[in-house]
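A quick write-up on the structure given underneath.
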Amino acid sequence: MASKVERPLVGGGRKPAPARLLRVLKGEAFFRGVLAMPMQLLLWFLLIIPTLIVLYLSLVAWEPRMGTDWWQAPFSWFRNYGHVISDVRFWQAIVRTICVVAVAVMLEFTIGLGLALFFQRDFLGKRLFTSVILYPMMLPWVVVGLAFYLLFLEKGPVNYILIHFLGFKAGVAWYHYPVLALSTIILADVWQWTPFMFLILYSGLGALPRDPVEAAMTLGASRWQIFRYITMPMLKQVVIIALIIRSLEAFKIFDLVFIMTGGGPGTATESISLYIYRLGFVYGQLSYAAAMAVLILISISIITRLAVRPLEYEV
Amino acid sequence: MGEKDELKRAFRRPISRRDFLKAAGGAGGVIVLGGLASACAPKATPTPAPATPAALVEGATPEERALNGIKALKAAGKIKDGDTFTIMHHSGQRNNIVPALEEWNRLTGLNFQSAEVGLEADIYTKAMNEAVVRTGDYDIFLTFCNWIGDMAEAGLIVDQTDWWAKYDPEIDHGANAFVPPLDKFTSLYKGRRYAVGADDDAFSLFYRKDIMEAADKAAFEDKYGRELALPNTWEEFDQWIEFFDRPDEGIRGASMYAERYFAYTAWAARFISKGGAYFDDNMDPLIVSEEGVTALEEQIRLTQNHMYEDAVTGDWSVAYTRFPEGSVFFAWAWASLGKWAQDPATSKIAGKVGYMECPGTMHDGTLIRAVPHVVGWSFSVSRYGKCSEAAYCWIQWFTGPTVGLDAIARVGTLDTFRRPWFDDAKMKEAYGAEFMPILLKLTENSFADLGLRGANEYLDKLNLNLQQAFAGQKGAEQALRDTADEWQKITDRLGRLGQIEAWRTERANYPQHIQDLWKKLGKFA
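Going down the list, the protein sequences come from chains A and B. Taken in order, the first sequence gives residues 11 to 325; the numbers are from the working numbering. Taken in order, the second sequence gives residues 2 to 526; the numbers are from the working numbering.
Structure follows, in structure tokens:
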């Protein structure tokens, strides 16, 4: 029987290149890569490349009206970031935005939780009311902003009610005083986004197991004790997720402020998003706006990471 | 073993040379791709700035010369029938512009079309965006004239000076000229023509003549020691408003802007009439001065004592609500408020509107009036369009003495600007015969918004601080001092030398009587 002739292998023991390439192309890893390519390209062009451009802009000194191309702008390195940190208006906008977020989200959570608990029981028209509650969430921010702006005008319906039904001698100048102006914005936000909280908490409550509750009832626990020691702990993860999502969204508040007060009077209601918009599109300071946006992004990322940690430990 | 632990192991294993080369190659590929992408980024070929023309184009009128220009461009092969040109403008000008486009397209065989934008601020954003991306999507921009500086410095718009010489739009001379100084500040930047004005936004003053006629003249005379008459000076104006402020009757004295975008108008009118100027010739602000502080204190008193609070917190439309509904005695705004207030369909006071000149300040027996020309639209030509010269020809045709008259007389946000139009029957019918001579005087006394590079920013800082002052959040001097500090930062950031050049040419666009006052007060050499 002829023996198999052993041919010497080329390349010091490795298979020929074309065969290797063919194996890679036929391989599962390549196939997976091809399938993921469209999303990768989308991510690169919609997310990664724009982010890199923003990072680049934050490190240069460039404005469109300089008359130079952005890729020819001189590097200023971290000077923009230094200016941001020393910008009083930036810190005022941050603090103001945090206050709005804190108050609005807490109100949304409280009202949303109350509604969610109420809707756990059956009553006539429950489905209809559930749908109606969700409507505000479906409206564009512009519509909500315009509606609330009109509500609180000097000759608007709110002042009309105050004067004709509540005995006020004159209407309230809602947009004249910073605290009142902020209150109208918070109210609009609460009206629009409480349904979101309601939806998440209602779903969360509905998914909770009944056994611990029934056991507690059997043992004579009061409704408050059941709510405090059983329902809320079980609902903790849902609550954290709801608060994080809503807070992140609320922090970006722009439309309501832009339409209702324009950030005024002065800058008394200017949110950080509105300030960045002004810097970029009214003042043309795109590099400065980019630096500010990057700082905000880093800060929010750190805070979100810390906020999500309790969920990780629970897993 | 959990997924987390597996991942940790995967990341902790030593990287092989092959893995490293793969990753570096991938990163390098991305960088190369990015570089290629930016190099291949769409770049509309810029049309070169016009060379010095040899001779004036033939034609008896600006419109005729514009049409002849198109013929010549076609003959030279630079444009052909069916070529599309796009005009970016605000939707409020649709009725002024679109009917004219149809006529132009019929006459020239070209396809000029309009691209409407809903918000004025969006026009600036889109224009500056075009300065960066240079798509060539727009051939003509209709923008506020104080944006010309930004657009010129960004390289977006073309210097039209030589085309003015070639085609003669009859803007700054002749029987059909624009009312001076409109011809200057709607078109000039650093001494060159970058735009053609298409509007007159000199603020106009309106009052309730029925209330004034029915007033207790004796009481006025007792209180103020003079006869009841239309005020000539700002001091008289303040007294007049005070007298007609009747909150118990539901009528406040005045509606004058104190809000976020136009708070500067009333202060500037007082300030300039007192001999104030925004900057000295080194671009150091001159607003923290006796003229500036006094002007602001006066206006603060008027706003806080005799106006509704929405003067501070509302927007530009407040005057268009308050005055026609009859809840204020006096209002000032653009000329269109007069049309609005006299139209029975939109006003409760139609037939009761009076018009007046802007008050001023006495200087050694001479009354100096200064009327703010607030925003105002101008046409400019994109450097990245199809054929800039053809675009310019359309602008000259549209703003011509005959075509322009029809266009501006139509209801829209563009207002009359050529001198003969003020006597024209169509314009008198549109605005009211009684109003036209007043509007003419207001225009002759008007001064423009700041038109330097960064104008939006300078004005925004000013408005911000003034609004805070009107709202009682800071005092007059502090507001102006804060503004001046911000202005210095802007100037230093944008380049002081360039701003000095721009300001020195800009102040030459002010009405002559204001320039003479400055000279008299020793403000400028």
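Just so you know, even glycine gets a beta-carbon here, dropped at the ideal spot from N, CA and C.
- Less than 8 Å separates the beta-carbon of LEU161/A from that of PRO167/A.
- DSSP, reduced to helix, strand and coil, places PRO181/B outside both helices and strands of the structure shown, so it counts as coil.
- Contact annotation: in the segment 142-158 of chain B, residues whose CB is within less than 7 Å of a CB in chain A are ASP151, GLU154, ALA155 and GLY156.
- Contact annotation: SER205/B and TRP333/B have beta-carbon atoms nearer than 8 Å.
- With respect to the C-alpha of LYS387/B, the residue from ASP140/B, LYS520/B, ALA456/B and TYR195/B having the closest C-alpha is ASP140/B.
- Looking from the CA of ARG107/B, the closest CA among PHE221/B, ALA203/B, ILE71/B and ARG482/B belongs to ILE71/B.
- The straight-line gap separating the alpha-carbon atoms of LEU172/A and VAL182/A is approximately 8 Å.
- Just measuring C-alpha positions, the residue of TYR459/B, PHE221/B, GLY276/B and GLN513/B sitting nearest LEU289/A is TYR459/B.
- Each of LEU192/A, PHE291/A, PHE128/A and THR314/A was checked against the Cα of ASN457/B, and the nearest Cα belongs to PHE291/A.
- Per the coordinates, the alpha-carbon of HIS90/B lies some 32 Å from the alpha-carbon of MET284/B.
- Contact of ASN306/B with chain A is not assigned, every C-beta pair being separated by 8 Å or more.
- Within the segment 293-308 of chain A, those residues whose Cβ lies closer than 7 Å to any Cβ of chain B are, in chain order, TYR293 and GLY294.
- Interface with chain A (8 Å Cβ-Cβ cutoff): THR347/B is excluded.
- In the three-state DSSP reduction, TRP333/B falls in the strand class (E or B).
- Look at the beta carbons and you see the segment 184-193 of chain A touching the segment 268-280 of chain A: at least three pairs across the two are nearer than 8 Å.
- For GLU164/A, the closest Cβ of chain B is nearer than 8 Å.
- Along the segment 159-228 of chain B, the alpha helix (DSSP H) occurs as fully enclosed runs of 4 or more residues at 162-168, 183-186, 210-214 and 218-225, listed in sequence order.
- Approximately 4 Å separates the beta-carbon atoms of ALA480/B and ALA470/B; this is inside 8 Å, confirming the contact.
- A contact between stretches requires three or more CB pairs, one per stretch, nearer than 8 Å, and the segment 45-62 of chain A fails this requirement with the segment 70-84 of chain A.
- Taken through DSSP and simplified to helix, strand or coil, ASN112/B comes out as strand.
- The alpha-carbon of ASP239/B is positioned some 30 Å away from that of ASP200/B.
- Within the segment 307-334 of chain B, the residues whose Cβ lies closer than 7 Å to some Cβ of chain A are TYR309, GLU310, ASP311, VAL313 and THR314, listed in chain order.
- Taking all protein chains in view, the Cβ of LEU45/A is surrounded by fewer than 16 other Cβ atoms within 10 Å, so the residue is classified as exposed.
- Taking a contact as a CB-CB distance under 8 Å, the pair GLY93/B and THR414/B counts as one, their CB atoms being some 4 Å apart.
- Collapsing the DSSP output to three states places SER232/A in coil.
- ASP184/B and ALA255/B have their alpha carbons spaced roughly 31 Å apart.
- The Cβ of GLY455/B sits closer than 8 Å to at least one Cβ of chain A.
- Contact between ARG271/B and GLU299/B holds: CB atoms are separated by about 6 Å, below the 8 Å threshold.
- Only residues of its own chain outside the window of five on either side were considered, and among them GLU358 have a CB closer than 6 Å to the CB of LYS442/B, listed in chain order.
- In its chain, beyond the 5 residues on either side, ARG454 and GLY455 have a beta carbon closer than 6 Å to the beta carbon of LEU495/B.
- No Cβ of chain A is located within less than 8 Å of the beta carbon of ASP202/B.
- Unbroken alpha helix (DSSP H) stretches of 4 residues or longer found wholly inside the segment 52-95 of chain A: 59-68 and 89-95, given in chain order.
- Chain-ordered, the chain B residues with CB closer than 7 Å to the CB of THR277/A read LEU465.
- For MET357/B, the uninterrupted beta strand (DSSP E) run begins and ends at 354-357, by DSSP.
- One thing to note: PRO63/B has its Cβ within 8 Å of the Cβ of GLY401/B.
- DSSP places PRO373/B within a strand segment (E or B) once states are collapsed to three.
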